[in-house]
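Residue numbers (the numbering used here): 38 to 433.
Each residue gets a CB set at the ideal place from its N, CA and C atoms; glycine is no exception.
Before any comments, here is the structure.
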Ligand code: SAH
């Protein structure tokens, strides 16, 4: 039985009425019953009406995240409730997982009604990230539910994202269920195999969110000179090369990531091309100074703006990168350029890129747009889930 409750300030129930699941600290008038981190609390309107049951995060600005708007039974949020949410999320991935790939994001936090839980499946392995105390509370039930999925041998935790600090949570990495993931774990997608470093890689090991781009690349790559900037483990390079690129060159500042890119080439019997360990800004300037030209450039920088305060500074960095890349395009060349900063809107990103094209003195047209794939859904009631946007540009 839940006894703790938070009461909202007048008119602060509006976002909940639109089904937005976040309750910010500033919206709260009163907390009763001494709830502990991760406890389920009743959320009440300023007039005392129960509106929702939510996970309490006393250390975060997002003070509570809604589990359910059904407040009849305050004890409903239990292990089985969360496990059922996990299973429902997995069921929604049926169109993604199948013949073309054995890997997908199977739980995407608020977008799947499990705030704070990310779960990525790579073949027989699930990699889990808990980023909130609410999800942390149910980590055993979550691990059980994931380990019971068909064909799963290992559930591994990679709860070492910085955002945990905001929740007062320490990092946690290791096996949750089953076996230690294979050192040779590979993901399969569209006829290619990718080495996944679940213990040491970025995020959970692979950029599942760039699947739409991997699928778009072949149409632009055959016979072309390709430059992959921020290449990580070379997924784009591998796709381009296997689609018949004339040459492929990959730049990344991470030696270990490029070492996996080389392994990926061997694994697939594909020449992954030149691998350059360097700072991308410096390397791009070097290529510009040598007047190099490419027919297809991929530009997928890390998140340059984590908060709205950082958007201004990030915009300048995005502009520099895109300016340099546009200058390297051969006549008719194509640039696929991305921002994965949720804080930067698609509209602003396009403006920044337009400014770069103007400064580069090139006429550039948008010929396609790319976005996060269907296993990273964006609920209409939670637009914050949208973070990855890409422009496919063609220069005169
Ligand atoms: N496109 C890749 C993902 C890119 S993630 C894929 O689909 O797999 C961003 C990459 O940028 C990471 O691999 C990181 O090592 C690299 N990186 C970050 N800062 C960098 C810098 N200043 N110069 C070069 N690479 C950088």
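Taken through DSSP and simplified to helix, strand or coil, residue 285 comes out as strand. Around the beta carbon of residue 398, fewer than 16 other beta carbons sit within 10 angstroms, so the residue counts as exposed. Note: residue 426 is bridge-paired with 376, 408 in the DSSP secondary-structure output.
Screening all residues for a C-beta within a distance smaller than 5 Å of any heavy atom in the ligand SAH leaves 244, 247, 267, 269, 272, 289, 290, 291, 294, 316, 317, 337, 339, in chain order.
For residue 104, same chain residues with a beta-carbon under 7 Å away, outside a window of 5 residues either side, are 77, 90, 91, 92, 114 in chain order. With respect to residue 108, residue 144 sits apart: the two C-beta atoms are not nearer than 8 Å.
DSSP, reduced to helix, strand and coil, places residue 244 outside both helices and strands of the structure shown, so it counts as coil. DSSP lists 287, 335 as the beta-bridge partner residues of residue 265. Closest by C-alpha distance to residue 246, out of 165, 157, 383, 88, is 157. In this structure, residue 148 places its C-beta atom within 8 Å of the C-beta atom of residue 422. C-alpha of residue 395 to C-alpha of residue 82: approximately 51 Å in a straight line. The criterion of a C-beta distance shorter than 8 Å is satisfied by residue 259 and residue 281. Nearest Cα to residue 243 within the set 249, 232, 253, 250: 232. Beta-bridge partners assigned by DSSP to residue 45: 65. In the DSSP annotation of this structure, the continuous segment of the alpha helix (DSSP H) that includes residue 321 starts and ends at 317-326. The continuous beta strand (DSSP E) containing residue 157 extends over residues 154-159.
For the set 142, 56, 85, the Cα lying nearest the Cα of residue 411 is the one of 142. Residue 225: member of the beta strand (DSSP E) spanning 223-226, first to last residue. The alpha helix (DSSP H) runs lying completely inside the segment 163-243 and spanning 4 residues or more are 170-174, 176-184, 200-203, given in chain order.
Within the same chain, 162, 215, 216, 218 come within 6 Å of residue 191 by CB-CB distance, once the 5 residues on both sides are set aside. Approximately 5 Å separates the beta-carbon atoms of residue 309 and residue 271; this is inside 8 Å, confirming the contact. Residue 268 sits buried, since 16 or more C-beta atoms from the chains shown fall within 10 Å of its C-beta. At a Cβ-Cβ threshold of 8 Å, residue 94 and residue 169 count as neighbours. If you compare the alpha carbons of 417, 287, 402 with that of residue 431, the shortest gap goes to 402. Residue 96 has its alpha-carbon roughly 14 Å from the corresponding atom of residue 68. Pairing residue 354 with residue 378 gives a Cβ-Cβ distance that is not under 8 Å. The beta carbon of residue 429 lies closer than 6 Å to those of 373, 404, 405 in the same chain, with the five residues before and after it left out. With contacts defined by Cβ atoms closer than 8 Å, residue 426 and residue 386 form a contacting pair. Secondary structure of residue 367 (DSSP, three-state): strand. In this structure residue 316 is exposed. Its beta-carbon is surrounded by fewer than 16 other beta-carbon atoms within 10 angstroms.
Residue environment for residue 319: exposed (fewer than 16 other C-beta atoms within 10 angstroms of its C-beta). For residue 137, the three-state secondary structure derived from DSSP is coil.
For residue 99, the enclosing beta strand (DSSP E) stretches over residues 99-105. Note on geometry: alpha-carbon atoms of residue 199 and residue 240 lie some 11 Å from one another.
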